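All remarks here apply to the structure that follows.
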Amino acid sequence: MAKLVIMVIVAFWVSAIALLSVQNAAPVALRFLAFQSVQLPLGLVIAFSAAVGMVGMAIVLPLLRSPVALSEREDFE
Numbered sequence: 108m109a110k111l112v113i114m115v116i117v118a119f120w121v122s123a124i125a126l127l128s129v130q131n132a133a134p135v136a137l138r139f140l141a142f143q144s145v146q147l148p149l150g151l152v153i154a155f156s157a158a159v160g161m162v163g164m165a166i167v168l169p170l171l172r173s174p175v176a177l178s179e180r181e182d183f184e
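My numbering numbers the first residue of the sequence shown as 108 and each following residue consecutively.
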């Protein structure tokens with residue numbers, strides 16, 4: 108059941124990003140301090156940012172688990 112809920116949530120976000128990508132096709136350039144990127148469609152920038160956020164959280168969340176919770180899990184198995 109949990110996998111179904113996760114799949115529905117991911118499908119919702121993918122469709123929302125696709126909808127935003129289609130509606131926001133105007134090119135934008137990102138600026139950080141003195142640096143400026145090439146112009147990319149806003150939808151592509153949003154989709155890339157969402158993907159980087161998902162991958163980043165998938166990497167960070169296991170690192171943030173408390174050692175106590177992990178030791179309790181090992182005792183349970």
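Positions of the beta carbon are idealized from the N, C-alpha and C atoms, including for glycine.
Small disclaimer: the values here were computed from a predicted structure and weren't measured.
Extent of the continuous alpha helix (DSSP H) run through residue i
i: L122; result: What sits at residue 122 in the sequence shown is Ser, not Leu. First-last of the alpha helix (DSSP H) with S122: 109 to 130.
i: A158; result: 149 to 171
Straight-line Cα distance separating residue j from residue i
i: M114; j: V145; result: 34 Å
i: R172; j: M164; result: 12 Å
i: S122; j: I166; result: 24 Å
i: M161; j: F119; result: 14 Å
i: L158; j: M108; result: Correcting the residue type first, residue 158 is Ala in the shown sequence and not Leu. Cα to Cα, A158 sits roughly 24 Å from M108.
Reduced DSSP secondary structure (H/G/I, E/B, other) of residue i
i: V145; result: coil
Contact check, residue i vs residue j, beta carbons under 8 Å
i: P148; j: P169; result: no
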